[in-house]
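So the sequence shown is numbered by my numbering: it starts at 9 and just counts up by one. C-beta: ideal position from N, C-alpha, C; glycine also. Predicted, not measured: the structure shown is a model, and the values here were computed from it. Written out below as structure tokens is the structure these notes cover.
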Amino acid sequence: MTLLAIETSCDETSAAVVRDGKILSNTVSSQVKLHVEYGGVVPELAAREHLKNLLPVTRAALHEAGISPQELDAVAATQGPGLGIALMVGFKAAQAVAFALNKPFLGVNHHEAHLYSPWIAGTPPVADFSQFQPNVSLIVSGGHTMLVIVESELKHRVLGGTIDDAAGECFDKTGKMMGLPYPAGPIIDKLAAEGNPRAHYFPRPMLNDRNDDFSFSGLKTSVRYFIRDHPELLNDRQKVCDLCASVQEAIVEVLEAKTFRAAARLGIRCITVSGGVSCNQKLRQRFEQAAQLEKITLRLADKSLCTDNAAMIGILAERKLLANVPLPSLDEEIQPGWVLA
Ligand code: KG4
Ligand code: ZN
């Protein structure tokens, strides 16, 4: 089966062609630079940029895959969750393509797609996900932090999530307090590599709570007070590196401890991680060390698929179509608030 998939839920315009569980192309146009001066994603600007980029990105994906539209067997797009006017651009365009070609169309949940992204481009890519199930999956991005148990293919249950800020938001907002541009996560990652993670102690919210929920707003506030009381630190590069390393340490320690604890409690021997924050070097290192120690199979999303992309949408849609899920009508609408259950 050859599918065209489109993803426009936030600030990445992406189109991919997948076939039989393989990625033939995955074109991503990131808008990060556009939103830098506003310190976050501006929905109206994001939607306009998607409108401008969607056709060239889709053309490029088809060209790279060597596929003409007539060769497509189905079309898929992110239906939610995400920014309403951003989602609308990709979802409606994908429905129009399906209508014109008279092919099946499927809208998928963006987070459900993240659950499978660790399998599709890792080493080796995995055609049969079932061999690694059940697993506990951490989705950690700028908008979401959640733990999910994937019981078997296409069957999952959310264990917990953040009750306030997402981990990526905590990286971005504490970075902003340090004067770093948006998105600060990747910059903190780099600076932290030169810093001392034990220079300052910040709280590890909900670390010892007996549930699978997260909270990062208290940590953010604690960093705010720390910077208010020690503003001179920001003039010294080494001290900024130490601060970055200390904040990163607190975030990563909570993510690691709670993910591995959930797996141990459920007796599950496989953990996967996806979402923008899973690019973080320290996170990858800590999860790898813990997995080795506890003899757990760990699958981190390939860096090219950590952030938002259409390949994961296409792969999930193909699985669903092969599993004969009922096809929705082409009149379906986006679901910006679609919560993974
Ligand atoms: O998944 P994503 O591209 O978009 C959504 O939020 O859905 O994730 C973006 C988030 C941002 O908060 C960004 O700062 C964070 O992922 N991020 C990182 C790193 N790379 C991206 N955070 C920490 N370390 C990184 N290397
Ligand atoms: Zn995402």
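Cβ-heavy atom distance, residue i to the ligand ZN, below 7 Å
i      : result
Gly115 : no
His43  : no
Ser149 : yes
Asp316 : yes
His7   : Shown here, the chain extends from 9 to 349; a query on residue 7 therefore has no answer.
His118 : yes
His122 : yes
C-beta contact flag for residue i and residue j at 8 Å
i      : j      : result
Arg307 : Thr280 : yes
Phe210 : Thr170 : no
Ala106 : Val83  : yes
Asp316 : Glu120 : no
Asp250 : Asn219 : no
Asp81  : Lys111 : yes
Leu313 : Ala129 : yes
Leu11  : Ala309 : no
Val116 : His58  : no
Val148 : Ser254 : no
Thr153 : His118 : no
Ser5   : His122 : The first residue shown for the chain is 9 and the last is 349, placing residue 5 beyond what the model contains.
Gly193 : Gly284 : yes
Leu162 : Lys30  : no
Phe140 : Tyr124 : no
Leu301 : Val262 : no
Gly92  : Pro344 : yes
Rounded distance between the beta-carbons of residue j and residue i, thought under 8 Å
i      : j      : result
Gln256 : Ala331 : Not a contact, Cβ separation roughly 39 Å.
Ala54  : Gln39  : 6 Å
Val26  : Ala319 : 6 Å
Asp173 : Pro191 : That pair is no contact at about 14 Å.
Heavy atom of the ligand KG4 within 7 Å of residue i beta-carbon
i      : result
Gly88  : no
Val231 : no
Ile157 : no
Phe179 : yes
Val285 : yes
Ile171 : no
Gly345 : no
Ala108 : no
Pro189 : no
Ala68  : no
Ile196 : yes
Ala192 : yes
For residue i, the nearest candidate out of the options (CA to CA)
i      : options                        : result
Val347 : Leu301, Asp217, Gly88          : Gly88
Ile342 : Val44, Asn61, Gly74, Ala94     : Ala94
Ser33  : Glu264, Thr66, Glu57           : Thr66
Val231 : Pro189, Ile259, Met214         : Ile259
Thr182 : Lys328, Gln103, Cys252         : Cys252
Asp217 : Gly168, Lys100, Arg236         : Gly168
Cys278 : Asp339, Lys198, Val158, Ala207 : Val158
Arg269 : Ile321, Ala104, Leu146         : Leu146
Gln104 : Glu261, Leu63, Leu329, Ala265  : Going by the sequence as given, residue 104 is Ala instead of Gln. Minimum Cα distance to Ala104 is reached at Leu63.
Arg212 : Pro191, Ile235, Gly275, Cys178 : Cys178
Ser337 : Lys303, Glu264, Phe113         : Phe113
Ile304 : Arg206, Ala272, Lys228         : Ala272
Gln297 : Ala265, Ile323, Lys311         : Ala265
Thr35  : Pro344, Gly322, Pro334, Asp339 : Gly322
Asp197 : Ser225, Arg165, Gln293, Asp339 : Gln293
Phe224 : His71, Gly150, Gln246          : Gly150
Glu15  : Ser37, Asp28, Met9             : Ser37
Ala23  : Phe99, Arg56, Tyr46, Gly90     : Phe99
Lys311 : Asn288, Val44, Phe295          : Asn288
Ala349 : Ala207, Ala299, Leu155         : Leu155
Asp28  : Gly226, Met9, Asp339, Tyr46    : Met9
Lys290 : His238, Glu202, Glu340         : Glu202
Ile195 : Val248, Glu52, Asn61           : Val248
Asp339 : Gly47, His43, Ala102, His71    : Ala102
Ala299 : Val144, Glu45, Lys228          : Val144
The ligand MN heavy atom lying under 7 Å from the CB of residue i
i      : result
Pro344 : With respect to the ligand MN, the structure offers nothing, as its ligand set consists of the ligand KG4 and the ligand ZN.
Can we say the region 234-251 touches the region 175-190, given the rule of at least three CB pairs closer than 8 Å? By the Cβ test, the region 234-251 is in contact with the region 175-190, since at least three Cβ pairs between them sit closer than 8 Å.
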